[in-house]
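Take a look at the structure below.
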Amino acid sequence: MANVRQAAFRAALAALALSGCAGGDPPAPPQAAARAQTGAKTYTLAQKRLLEIAAAQNGLLDKMRRAERLSTLSASDLISEKKRVDSLWNEYFAGESRDAESYAIYGKYLRATSNPAAAYAAFLKADSLDPSMASVKHQLAVYEGENGQFAKAYGHFLEALELEPDNAVYLSQTAKFLMIARAELAASEGFDPASLDAKMLGCYRKWADASAPNSRARWECAKAFYQVSSPDWEEALARWEDILENATIGLERQTALANKARVLIELRRDAEAREILEKVDNPHLAGDREALLGIIGEAPTAKGTTTEGKSK
Numbered sequence: 041m042a043n044v045r046q047a048a049f050r051a052a053l054a055a056l057a058l059s060g061c062a063g064g065d066p067p068a069p070p071q072a073a074a075r076a077q078t079g080a081k082t083y084t085l086a087q088k089r090l091l092e093i094a095a096a097q098n099g100l101l102d103k104m105r106r107a108e109r110l111s112t113l114s115a116s117d118l119i120s121e122k123k124r125v126d127s128l129w130n131e132y133f134a135g136e137s138r139d140a141e142s143y144a145i146y147g148k149y150l151r152a153t154s155n156p157a158a159a160y161a162a163f164l165k166a167d168s169l170d171p172s173m174a175s176v177k178h179q180l181a182v183y184e185g186e187n188g189q190f191a192k193a194y195g196h197f198l199e200a201l202e203l204e205p206d207n208a209v210y211l212s213q214t215a216k217f218l219m220i221a222r223a224e225l226a227a228s229e230g231f232d233p234a235s236l237d238a239k240m241l242g243c244y245r246k247w248a249d250a251s252a253p254n255s256r257a258r259w260e261c262a263k264a265f266y267q268v269s270s271p272d273w274e275e276a277l278a279r280w281e282d283i284l285e286n287a288t289i290g291l292e293r294q295t296a297l298a299n300k301a302r303v304l305i306e307l308r309r310d311a312e313a314r315e316i317l318e319k320v321d322n323p324h325l326a327g328d329r330e331a332l333l334g335i336i337g338e339a340p341t342a343k344g345t346t347t348e349g350k351s352k
């Protein structure tokens, strides 16, 4: 029975609080919040108080988002409500047992209200109490990456993925982190560059393959092959061909064509690349087209006036 209660309590917290904080899942629908309150009589006093704080916190963060969008609330209203939530947290931590869930929710609240250093401390405490929370590992990694602690960040990104290997947010952010940080990790921390490249591409692949056709994930995955030291150009070609099959906007199709031509040049298939580049006539891609034709030794015909290309 105790296990059932604890599971219900954690589900209630997820519905009421985590969806309302930066880095959480999409907001829970009203019926989910209502279900979270149902059966509250089975919770301990501490659990009831934490649920009440989470609900108040969620309401404040929702108002902050709406205020940014619509400018409907005055700053004084938000400040007053924030002070109330701060007071609830202070009372809770002064008088109740402190567990990982409460520190995780508090940390997300602090981050959402622009107190990242204090949020990081709360996440560290949550992680020390329960190292199995992937969202906490991810929040630690984000803060560490933002503050140049790349080795720590990489470790926490990997731990988050170990706990939730199919999480699209963790996959995409790990890939993007490595795109920026892998040179520093290799130079200063002794990581193997080839292993970092492989991990980055692996994250991009998994993110892209689980995404919709012509999604941003698929574009970013295809472009990532340009950034590694030993790219698999055949796979890169297949990914640009997949994008071409699903691109509907004219500029998107032409951008994908220019990228396909670039990969064909890398594969020494110049004749095919030349044929494709003859179809690229958007002025915004003129610079890329001319550069690629120059690589294969053919003087380009004038088909545009700007040199701001989009293929890279």
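My numbering runs 40 ahead of the 1-based position in the sequence shown. Ideal placement from N, C-alpha and C gives every residue a C-beta, glycine not left out.
Self-check item: Own chain, CB closer than 7 Å to L150, minus 5 neighbours either side, in chain order
Solution: Taking the first residue of the sequence shown as 1, we reach residue 150 at position 110. Excluding positions up to five away in sequence, the list reads A158, A159 and A162.
Quiz item: Assuming D167 and L180 make a contact with CB atoms under 8 Å, what is their CB distance in whole Å?
Solution: Residue mapping note: residue 167 aligns to position 127 of the sequence shown, counting from 1. Residue mapping note: residue 180 aligns to position 140 of the sequence shown, counting from 1. 6 Å between Cβ atoms; contact.
Practice problem: Work out the CA separation of I93 and N299 for me, nearest whole Å. | Solution: Residue 299 sits at position 259 when you count from the first residue of the sequence shown. Residue 93 sits at position 53 when you count from the first residue of the sequence shown. In a straight line, the C-alpha of N299 is about 51 Å away from that of I93.
Exercise. Starting from V320, trace the alpha helix (DSSP H) both ways and give me its first and last residue.
Key: For the purposes of this step, residue 320 is identified with residue 280 of the sequence shown, where counting begins at 1. No alpha helix (DSSP H) contains V320, which DSSP labels as neither H nor E.
Quiz item: What residue range is occupied by the uninterrupted alpha helix (DSSP H) comprising M219?
Solution: If you number the sequence shown from 1, residue 219 lands on position 179. From DSSP, the alpha helix (DSSP H) with M219 extends over A208 to E229.
Practice problem: Assuming L91 contacts E121 (C-beta within less than 8 Å), just tell me the rounded distance between them. | Solution: Start at 1 with the first residue of the sequence shown, and residue 91 comes out as number 51. Start at 1 with the first residue of the sequence shown, and residue 121 comes out as number 81. Wrong, their Cβ atoms sit about 18 Å apart, outside the cutoff.
Self-check item: Start-to-end residues for the alpha helix (DSSP H) that takes in D249
Solution: Locating residue 249 in the sequence shown gives position 209, where the first residue counts as 1. D249: member of the alpha helix (DSSP H) spanning P233 to D249, first to last residue.
Quiz item: Roughly how many angstroms lie between the CA atoms of A238 and E260, to the nearest whole one?
Solution: As a first step, residue 238 must be located in the sequence shown, where it is residue number 198. As a first step, residue 260 must be located in the sequence shown, where it is residue number 220. Spanning the two alpha carbons is a distance of roughly 15 Å.
Practice problem: Mark E224 as exposed unless 16 or more other C-beta atoms lie within 10 angstroms of its C-beta, in which case mark it buried. | Solution: As a working note, residue 224 is residue 184 in the sequence shown. It is exposed - the Cβ of E224 has fewer than 16 other Cβ atoms within 10 Å.
Quiz item: Is the CB-CB distance between A107 and V125 below 8 Å?
Solution: Translated into positions along the sequence shown, residue 107 becomes position 67. Translated into positions along the sequence shown, residue 125 becomes position 85. No; because the gap between Cβ atoms is not below 8 Å, this pair is not in contact.
Practice problem: Please name the residue, chosen from E292, N207 and G337, that lies closest to A174 on a Cα-to-Cα basis. | Solution: Position 134 of the sequence shown, counted from the first residue, corresponds to residue 174. It is N207.
Quiz item: At which residues does the alpha helix (DSSP H) containing D272 begin and terminate?
Solution: On the sequence shown, position 232 is the one that residue 272 refers to. From DSSP, D272 is part of no alpha helix (DSSP H); its letter is neither H nor E.
Quiz item: How about A264 and M240: do their beta carbons lie closer than 8 Å?
Solution: On the sequence shown, residue 264 is found 224 positions in, with the first residue counted as 1. On the sequence shown, residue 240 is found 200 positions in, with the first residue counted as 1. Against a cut-off of 8 Å, the Cβ pair of M240 and A264 comes out as a contact.
Quiz item: Among W129, A252 and N98, which one has its Cα closest to the Cα of R89?
Solution: In the sequence shown, residue 89 corresponds to position 49, counting from 1. Comparing Cα positions, the closest option is W129.
Quiz item: Of the residues R293, L201, Y132 and A276, which one's Cα is nearest the Cα of Q87?
Solution: Indexing the sequence shown from 1 puts residue 87 at position 47. Closest option to Q87, Cα to Cα, is Y132.
Quiz item: Can you list, in chain order, the residues of its chain whose CB lies under 6 Å from that of A276, leaving out five sequence neighbours each side?
Solution: Counting from 1 along the sequence shown, the entry for residue 276 is found at position 236. Excluding residues within five positions, the ones whose Cβ falls inside 6 Å are F265 and V303.
Quiz item: So, using beta-carbon positions, are N322 and L291 closer together than 8 Å?
Solution: Start at 1 with the first residue of the sequence shown, and residue 322 comes out as number 282. Start at 1 with the first residue of the sequence shown, and residue 291 comes out as number 251. Against a cut-off of 8 Å, the Cβ pair of L291 and N322 comes out as a contact.
Quiz item: Excluding sequence positions up to five away, which residues of its chain have a Cβ less than 6 Å from the Cβ of Q294?
Solution: Working through the sequence shown from its first residue, we reach residue 294 at position 254. Within the same chain, Q294 has close Cβ partners V320, N322 and L325.
Quiz item: When the Cα atoms are used, what is the spatial distance from I336 to G188?
Solution: The count along the sequence shown starts at 1 and reaches residue 336 at position 296. The count along the sequence shown starts at 1 and reaches residue 188 at position 148. Between I336 and G188, the C-alpha separation is close to 41 Å.
Exercise. Note down the Cα distance separating A144 from V176, rounded to an integer number of angstroms.
Key: For the purposes of this step, residue 144 is taken as the residue at position 104 of the sequence shown. For the purposes of this step, residue 176 is taken as the residue at position 136 of the sequence shown. About 6 Å.
Quiz item: What are the start and end residues of the alpha helix (DSSP H) that includes Y160?
Solution: Looking up residue 160 in the sequence shown gives position 120. Element bounds for Y160: P156 to L169.
Quiz item: If you draw a straight line from the C-alpha of A152 to the C-alpha of K246, how long is it?
Solution: In the sequence shown, the residue the question calls residue 152 occupies position 112. In the sequence shown, the residue the question calls residue 246 occupies position 206. So the alpha carbons of these two residues sit roughly 29 Å apart.
Quiz item: Under a three-way DSSP split, which group does V268 fall into?
Solution: For the purposes of this step, residue 268 is taken as the residue at position 228 of the sequence shown. Annotated three-state conformation of V268 is coil, per DSSP.
Practice problem: Taking Y146 as the reference, give the member of S228, N98 and K103 with the closest Cα. | Solution: Taking the sequence shown and counting its residues from 1, one reaches residue 146 at position 106. The shortest CA-to-CA distance from Y146 to any of S228, N98 and K103 is the one to N98.
Self-check item: Same chain, Cβ closer than 7 Å to D139, five either side skipped, listed in chain order
Solution: Sequence index remark: in the sequence shown, residue 139 carries index 99 (1-based). Result list for D139: L169, in chain order.
Quiz item: Cα-Cα, which of G242, R258 and L307 is closest to I283?
Solution: If you number the sequence shown from 1, residue 283 lands on position 243. Checked all of G242, R258 and L307; the closest Cα to I283 is R258.
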